[in-house]
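Residue 167 in the working numbering is what sits at position 8 of the sequence shown, and the numbering runs on without skipping anything.
For every residue, glycine included, the Cβ atom is placed at its ideal position computed from N, Cα and C.
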Amino acid sequence: VTVTNGACTVTDNVTVKVRSMPTADAGKPEIKQCDTKDFTVTGNQPAADQKGVWTFVGADLGAQITSPNNYTTTVTGVPAGKSVTLQWTVTNTFKSSCTASDQ
């Protein structure tokens, strides 16, 4: 950026960094299991300037996400005969309004 006022000139450098938009992939659209309350979900690994979080969509039915900020995590305590829906959301750490989600 250069500003000139008559004979005086001031110059300064500005660096513009464009960050990539996050992408979210929650993996398999459906996981079916018998005789176990626990299962593993795997989403895509966020880029270095991004973070991800697993959340329940709707009721959790008492289930828990063991490591919600890891792209691979275990969900425990899903009641027999019931199902839960999970969402993987990836956010740019420099601009929180840049997000992507997948269920």
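* Rounded to whole angstroms, how far is the Cβ of Gln192 from the Cβ of Phe198, which I believe are closer than 8 Å? -> 6 Å
* Asked: Based on Cα-Cα distance, which residue from Leu220, Thr231 and Phe253 lies nearest to Thr244?
  -> Leu220
* So, Ile224 versus Thr232, is the Cβ gap smaller than 7 Å? -> yes
* In the stretch 216-242, which residue ranges form an unbroken alpha helix (DSSP H) of at least 4 residues, counting only runs that do not cross its ends? -> none
* **Assumed close pair Ala183, Val249 - CB separation to whole angstroms, cut-off 8 Å** => 5 Å
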